[in-house]
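With numbering that gives the first Met the number 0, the residue at position 248 of the sequence shown is 247, and numbering never jumps. Cβ atoms here follow ideal geometry from the backbone N, Cα and C, with glycine treated the same way.
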Amino acid sequence: MNPLPIRVSLLPDLVPPGALAGRAVVVVDVLRASSTIVQALQAGAECVVPCSTPDDARSVRSRFGGHSTLLGGERAGVRIEGFDLGNSPAEYIAGVVARKILVFTTTNGTRAIHASREAQRLFIGCFGNLCTLVQTLARVALPVHIVCAGTGGQVGADDCLFAGRVVSACRALGFHPDECDQALIAESCYLNTARQPHGVLDALRASIGGRNLISIGFGSDVDLCAREDWAPCVPEFCISSGTIRVVDAHHAA
Ligand code: MLT
0 MNPLPIRVSL
10 LPDLVPPGAL
20 AGRAVVVVDV
30 LRASSTIVQA
40 LQAGAECVVP
50 CSTPDDARSV
60 RSRFGGHSTL
70 LGGERAGVRI
80 EGFDLGNSPA
90 EYIAGVVARK
100 ILVFTTTNGT
110 RAIHASREAQ
120 RLFIGCFGNL
130 CTLVQTLARV
140 ALPVHIVCAG
150 TGGQVGADDC
160 LFAGRVVSAC
170 RALGFHPDEC
180 DQALIAESCY
190 LNTARQPHGV
200 LDALRASIGG
210 RNLISIGFGS
220 DVDLCAREDW
230 APCVPEFCIS
240 SGTIRVVDAH
250 HAA
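(1) Beta carbon of Asn128: closer than 8 Å to some heavy atom of ligand 1?
(2) Return the chain-ordered list of same chain residues with a C-beta closer than 8 Å to the C-beta of Arg226, the five sequence neighbours on each side being excluded.
(3) Counting only the same chain and skipping the five closest in sequence on each side, list residues whose C-beta sits under 7 Å from that of Ala202.
(4) In the DSSP assignment, find the alpha helix (DSSP H) that holds Glu186 and state where it starts and stops.
(5) With DSSP collapsed to three states, give me the class of Gly208.
(6) Mapping the DSSP letters down to three states, classify Val245 as helix, strand or coil.
(7) Can you tell me the Cα-Cα spacing of Asn211 and Ile112, whole angstroms?
(8) Does the Cβ-Cβ distance between Arg6 and Cys179 come in under 9 Å?
(9) Can you give me the C-alpha to C-alpha distance between Pro16 and Asp222, rounded to a whole angstrom?
(10) If you check the beta carbons only, do Leu129 and Val24 fall under 9 Å apart?
(11) Going by other Cβ atoms of all chains shown within 10 Å of its Cβ, with 16 needed for buried, is Gln181 buried or exposed?
(12) Please work out which residues of its chain come closer than 7 Å, Cβ to Cβ, to Arg170, disregarding the five sequence neighbours upstream and downstream, and give them in chain order.
(13) Alpha carbons only, please: which of Arg244, Ala185, Thr150 is nearest the one belonging to Gly209?
(14) Leaving out five residues before and five after Thr109 in sequence, what residues of the same chain have Cβ atoms less than 8 Å from its Cβ?
(15) Could you say which of Ser240, Phe236, Gly173, Val245 lies nearest to Ala118 if we only look at CA atoms?
(16) Any chance the CB of Asp28 is under 8 Å from a heavy atom of ligand 1?
(17) Under a three-way DSSP split, which group does Gln253 fall into?
(18) CB of Thr106 to nearest heavy atom of ligand 1: below 8 Å?
(19) Determine the extent of the alpha helix (DSSP H) in which Leu129 is found, giving its start and end residues.
(20) Alpha carbon to alpha carbon, how far is Asn1 from Gly76? Give it in angstroms, no decimals.
(21) Within 10 angstroms of the Cβ of Ile36, are there 16 or more other Cβ atoms? Answer buried if so, exposed if not.
(22) Report back the beta-carbon spacing between Arg116 and Ile238 to the nearest angstrom; my notes put them in contact at under 8 Å.
(23) Quick one: what does DSSP say Pro16 is sitting in, helix, strand or coil?
(24) Alpha carbon to alpha carbon, how far is Ala148 from Val166?
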C-alpha cells in the first residue's frame, strides 16, 4: 500500500485553495484554543460551538438559551467582558463545564477552525491529546493536513512544534510528508528542539504566544499546554451542526 501523505500549513493563509477537501485536517492552536477545547471536552462539556467573533458567540448563545450554555473565550488573551470563562484550560474543570454547551471564540484558534471547513474530517489537536489523535488519524486512513492557527498572522513556534511532533509520530505509522516542505520544516524543528532537556517547554515559553501569556500572568497555562497526553480524547468539528464533539474511538473510521 502506498504511504498516505501528510502535509502542514504553518498558517491558515498558507493553505492552497481546495487543498483540504478529502483530507483529515487537524487544526492546531497549542497556546491555547485547541488545548482549551480538548480540556473542556475531556472534562465533560457536551460540545463546543466555535464562533469567529464575540458578537457571533452572544447571538449563538441566545439561540441555545437557558442555563446549559457557557460563553468562553478571549481577546488579547483575557476573558471577554460579560463572558463566563476565558481561554485558560485550567478554568474548564468538570464542576464548571460538565454537560454544558460551550459557545467559544478566540482570536486565532476558532477562526482557523472555520477556515478549514472544507475538510472531510476536521479534528482538533494539541500536545494534551497527541497519542489519541495520532491513533485516530491512523484509523481514519485519509491523507492528513495539519493547519496551524498562528498568532496574529505570524507563524507560531508552539503550533509548528506540535505539527512536527505529529508528522514524526505519523511517519512511524506509514504516513509520508509529500511535496510539502512545511511538514519537513516542522518535523526538524520538533526533533531539534526535543533533543534538549525541557526543549519543547522552553520553546513554547519563548514563542510569541508564550511570551504574551507569561506577560499577562498565564505562564502556568504554557506549562500545561507543553505536556503530552493529559487528555485522551479527540474533538471533531461537525460542519452541518457547527459543533465540536468527542470522536467515539470505536467509530472514528
Ligand atoms: C487564540 O486563539 O488566539 C489563542 O488561543 C489566544 C490565547 O491563548 O488566549
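Once the coordinates are examined:
(1) Within the sequence shown, residue 128 is the residue found at index 129, counting from 1. Result no, Cβ not under 8 Å from ligand 1.
(2) Indexing the sequence shown from 1 puts residue 226 at position 227. Contacts found: Phe126, Gly127.
(3) By 1-based counting over the sequence shown, the position of residue 202 is 203. Within the same chain, and ignoring the five residues on either side of Ala202 in sequence, the residues whose Cβ sits closer than 7 Å to its Cβ are Ala156, Leu160, Thr192.
(4) Here residue 186 corresponds to residue number 187 of the sequence shown, with the count starting at 1. Glu186: member of the alpha helix (DSSP H) spanning 180-193, first to last residue.
(5) In the sequence shown, the residue the question calls residue 208 occupies position 209. The three-state secondary structure of Gly208, taken from DSSP, is helix.
(6) Stepping through the sequence shown from its first residue, residue 245 is reached at position 246. Three-state result, Val245: strand.
(7) Taking the sequence shown and counting its residues from 1, the one referred to as residue 211 is at position 212. Taking the sequence shown and counting its residues from 1, the one referred to as residue 112 is at position 113. For Asn211 and Ile112, the distance between alpha carbons rounds to 22 Å.
(8) One-based indexing of the sequence shown puts residue 6 at position 7. One-based indexing of the sequence shown puts residue 179 at position 180. Pairing Arg6 with Cys179 gives a Cβ-Cβ distance under 9 Å.
(9) The count along the sequence shown starts at 1 and reaches residue 16 at position 17. The count along the sequence shown starts at 1 and reaches residue 222 at position 223. So the two alpha carbons sit approximately 35 Å from each other.
(10) Working through the sequence shown from its first residue, we reach residue 129 at position 130. Working through the sequence shown from its first residue, we reach residue 24 at position 25. Not in contact: Leu129 and Val24 (Cβ atoms no closer than 9 Å).
(11) Taking the sequence shown and counting its residues from 1, the one referred to as residue 181 is at position 182. By the neighbour-count rule (16 or more Cβ atoms within 10 Å), Gln181 is buried.
(12) Position 171 of the sequence shown, counted from the first residue, corresponds to residue 170. Within the same chain, and ignoring the five residues on either side of Arg170 in sequence, no residue has its Cβ closer than 7 Å to its Cβ.
(13) In the sequence shown, residue 209 corresponds to position 210, counting from 1. When the alpha-carbon of Gly209 is set against those of Arg244, Ala185, Thr150, the nearest one is in Thr150.
(14) On the sequence shown, position 110 is the one that residue 109 refers to. Taken in chain order, the residues that qualify are Ala32, Pro49, Cys50, Ser51, Gly72, Phe103.
(15) Along the sequence shown, one-based indexing puts residue 118 at 119. Answer by Cα proximity: Phe236.
(16) As a position in the sequence shown, residue 28 is number 29, starting the count at 1. If you check the C-beta of Asp28 against ligand 1, you find a heavy atom less than 8 Å away.
(17) Coverage of the chain is limited to positions 0 through 252, which leaves residue 253 absent and any answer about it impossible.
(18) Walking along the sequence shown from the start, residue 106 turns up at place 107. Distances from the CB of Thr106 to the heavy atoms of ligand 1 include at least one below 8 Å.
(19) Position 130 of the sequence shown holds residue 129. From DSSP, the alpha helix (DSSP H) with Leu129 extends over 129-139.
(20) As a working note, residue 76 is residue 77 in the sequence shown. As a working note, residue 1 is residue 2 in the sequence shown. Gly76 and Asn1 have their C-alpha atoms some 43 Å from each other.
(21) As a working mapping, residue 36 is identified with position 37 in the sequence shown. Label assigned to Ile36: buried.
(22) By one-based count along the sequence shown, residue 116 stands at place 117. By one-based count along the sequence shown, residue 238 stands at place 239. Confirmed, about 5 Å.
(23) To locate residue 16, count along the sequence shown from 1; it is residue 17. Coil, per DSSP.
(24) To locate residue 148, count along the sequence shown from 1; it is residue 149. To locate residue 166, count along the sequence shown from 1; it is residue 167. Straight-line Cα distance between these residues: approximately 17 Å.
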